[in-house]
Amino acid sequence: MVEELVAAGVTLASVGAVYAMAAARVVKQYERGVVFRLGKLRSDVRGPGFTMVVPFVDKLRKVNMQIVTMPVPAQEGITRDNVTVRVDAVVYFKVVDAADALVQVEDYRFAVSQMAQTSLRSIIGKSDLDDLLSNREKLNQGLELMIDSPSIGWGVQIDRVEIKDVSLPETMKRSMARQAEADRERRARIINADAELQASKKLAEAAEQMSEQPAALQLRLLQTVVAVAAEKNSTLVLPFPVELLRFLERAAPAAPVAPVAPVAAQPVQEQLPPAGPHSDPESEGSVSGQG
């Protein structure tokens with residue numbers, strides 16, 4: 003009798019241990035447990051720690067509540083200004099309602115991934131190339147809003163969306179490089195023209211001051227000569243301004259003018275015309291005798 007009682011106790015203890023092992027569950031700190039009893043959702047969501055379920059009746063599904071980093075595959079599209087680009091992004095999201103994440107959608111990760119790809123293609127078609135390159139913050143906000151709107155009913159919250167890279171065709175890169183080079187050249191010419199304008203104003207003021215004191219021009223010339231001579235040069239080029247010549251010309255005394263001697267008139271001899279090839283020798287002799 004005692005042996006039967008001991009055997010029954012051991013059997014009950016074994017069954018209890020097996021039941022406890024089958025019913026015991028441990029939920030981690032970053033997880034939440036959703037219990038389905040005979041396929042029906044239980045309202046209570048199990049928190050982190052040790053919990054018990056009914057074996058073979060309850061089924062515990064654990065949902066990760068951490069922020070998930072999901073890369074969005076690169077999507078090709080045509081911008082509003084008809085430029086073909088290839089854009090990839092990254093989505094940060096987390097589950098805020100574990101029950102809805104399991105009941106409302108079959109696979110919330112796959113659903114968020116497909117929604118992100120669709121929204122990325124849509125945002126590419128609505129944007130210009132300049133917006134994709136320089137105004138990404140606004141596009142990130144618009145993309146986040148497009149993904150977050152349908153995912154609210156899935157128990158998922160979109161934390162952040164970032165556009166990582168925008169790939170352009172090589173022809174477009176070369177065109178943009180030429181455009182940037184032309185723009186830099188234009189700015190350089192404007193700066194040079196502005197500098198020339200300012201320099202011309204200063205030179206006009208300096209010329210006005212020097213015109214009042216002509217000797218200042220000569221002093222400035224000597225300063226230029228000293229500056230050039232300071233270098234190790236074997237040849238010295240000395241500019242000679244016309245104004246200095248005029249100044250020296252006005253400063254030089256007028257030289258006396260010598261009187262011009264009269265030129266004596268010389269007699270003019272009458273010259274006979276040359277004889278022709280068929281002239282008579284007798285007539286020539288008579289003419290010379292008369293002379």
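Here the working numbering = 1-based position in the sequence shown + 2. Just so you know, even glycine gets a beta-carbon here, dropped at the ideal spot from N, CA and C. Just so you know, these numbers come straight off a predicted model, no measurement behind them.
Three-way DSSP call (helix, strand, coil) for residue i in this model
i, result
"Gln77", "strand"
"Ser177", "helix"
"Gln271", "Its pLDDT being 49, under 50, Gln271 is placed unreliably by the model, and nothing is read from it."
"Ala229", "helix"
"Val59", "coil"
"Leu205", "helix"
"Ala254", "coil"
"Leu43", "strand"
"Gly18", "helix"
"Val262", "For Val262, the predicted model reports a pLDDT of 49, less than 50, meaning its position is unreliable and no value from the coordinates is stated."
"Gly35", "strand"
"Gly11", "helix"
Residue i versus residue j - alpha carbon distance
i, j, result
"Gly35", "Glu78", "40 Å"
"Val12", "Ala19", "10 Å"
"Val265", "Gln220", "Note that Val265 scores 48 on pLDDT, short of 50, meaning its location in the model is unreliable and no value can be drawn from it."
"Pro269", "Leu247", "Only weak support exists for where Pro269 lies, its pLDDT of 49 falling under 50; the coordinates are left without a value."
"Leu14", "Met54", "19 Å"
"Phe58", "Val114", "33 Å"
"Lys140", "Pro50", "38 Å"
"Gln211", "Arg188", "35 Å"
"Arg138", "Ser169", "14 Å"
"Leu134", "Ile192", "29 Å"
"Lys42", "Ile80", "47 Å"
"Val93", "Val158", "12 Å"
"Asp167", "Ser136", "12 Å"
"Leu7", "Val70", "56 Å"
"Ala206", "Ala190", "24 Å"
"Ser124", "Asp83", "14 Å"
"Arg48", "Arg39", "13 Å"
"Asp46", "Val29", "14 Å"
"Val98", "Arg27", "22 Å"
"Gln31", "Ala25", "19 Å"
"Glu108", "Ile154", "15 Å"
"Lys204", "Ala231", "25 Å"
"Glu5", "Ser16", "16 Å"
"Lys175", "Glu183", "12 Å"
"Ala254", "Ala218", "19 Å"
"Ala9", "Ala100", "45 Å"
"Thr226", "Arg180", "42 Å"
"Asn194", "Ala208", "21 Å"
Member of the options whose CA lies at the smallest distance from the CA of residue i
i, options, result
"Pro75", "Thr81, Val89 and Asp83", "Val89"
"Arg252", "Ser121, Arg27 and Pro216", "Pro216"
"Phe95", "Trp156, Val85, Asp133 and Arg27", "Trp156"
"Val87", "Leu205, Pro171, Leu223 and Tyr32", "Pro171"
"Arg111", "Met72, Arg39 and Asp83", "Met72"
"Glu33", "Tyr21, Glu183 and Phe52", "Phe52"
"Arg44", "Asp60, Ala208 and Lys30", "Asp60"
"Ser299", "Asp99, Asp109 and Leu145", "The question about residue 299 has no answer here: the residues shown for the chain are numbered 3 through 293."
"Ser177", "Ser202, Val85, Ala229 and Ser153", "Val85"
"Glu2", "Lys175, Thr226 and Phe249", "Shown here, the chain extends from 3 to 293; a query on residue 2 therefore has no answer."
"Ala91", "Ala182, Gln116, Gln181 and Ile154", "Gln116"
"Val244", "Leu223, Ala229, Ala208 and Val227", "Leu223"
"Ala22", "Thr173, Val56 and Gln181", "Val56"
Below-8 Å beta-carbon distance, residue i vs any chain D residue
i, result
"Arg111", "Absent from the structure is chain D; it holds one protein chain and no more."
Any non-hydrogen atom of the ligand ZN closer than 7 Å to residue i Cβ
i, result
"Val228", "With respect to small molecules bound, the structure shown includes none, and the ligand ZN cannot be examined in it."
Between the stretch 139 to 149 and the stretch 159 to 169, do at least 3 Cβ pairs fall closer than 8 Å? yes
Does the stretch 91 to 104 come within contact of the stretch 51 to 68, defined as at least 3 CB pairs closer than 8 Å? yes
Extract the residue ranges of the alpha helix (DSSP H) inside the stretch 62 to 120, only unbroken runs of 4 or more that lie entirely within it. Given a length threshold of 4 residues, each whole run of the alpha helix (DSSP H) inside the stretch 62 to 120 is given here in chain order: 100 to 105.
Go through the stretch 126 to 192 residue by residue and report every complete run of the beta strand (DSSP E) that reaches 3 residues or more, in order. 158 to 169, all fully within the stretch 126 to 192.
Contact between the stretch 127 to 135 and the stretch 184 to 198 is defined here as three or more beta-carbon pairs at a separation below 8 Å; is this criterion met? Output reads no: the stretch 184 to 198 does not touch the stretch 127 to 135.
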